[in-house]
Structures are given as structure tokens and as C-alpha cells.
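The sequence shown runs 6 to 60 under our numbering. Cβ coordinates follow ideal geometry from the N, Cα and C atoms, glycine included.
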Amino acid sequence: GEPTSTDWCEKNYEVTYYIAEFYNTISSLCLIFMGIFGSIMHAKGFDYRFTLCLE
Numbered sequence: 006g007e008p009t010s011t012d013w014c015e016k017n018y019e020v021t022y023y024i025a026e027f028y029n030t031i032s033s034l035c036l037i038f039m040g041i042f043g044s045i046m047h048a049k050g051f052d053y054r055f056t057l058c059l060e
């Protein structure tokens, strides 16, 4: 989309043309990975409600 007046610390599209804030995206992927990893590792040990908390 078009850039807005709100711009965070990183310069947009500095590393790649497809990702506006590259390092923010990488750090978010790490958090998503840890949630999936936690769900897989604890799927058989916890109740269903705890599995939903990890996702």
C-alpha cells in the first residue's frame, strides 16, 4: 500500500522490495515459530485449553 505519515524506526523497503520493515518481520516470524513449536511440543501433555493458549 501507499506509505502513511506513521513511520517507525526502520526505513521502508531497505532490504527487499517485498517487505517494508524487514527486521520487524523477521522478529515477528520468530515469535510465530515459537508459538507453533510450543503447540507441537505440548500438544499431548496439556489439556486442549492450554494448547489454544500457545497458538
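Open item on the list: For residue 33 and residue 48, what's the separation of their Cα atoms in angstroms?
Closed with: 22 angstroms
List the endpoints of the continuous alpha helix (DSSP H) containing residue 29. 27 to 47
Can you give me the Cβ contacts of residue 18 inside the same chain, cut-off strictly under 7 angstroms, excluding the 5 residues immediately before and after it?
-> 25
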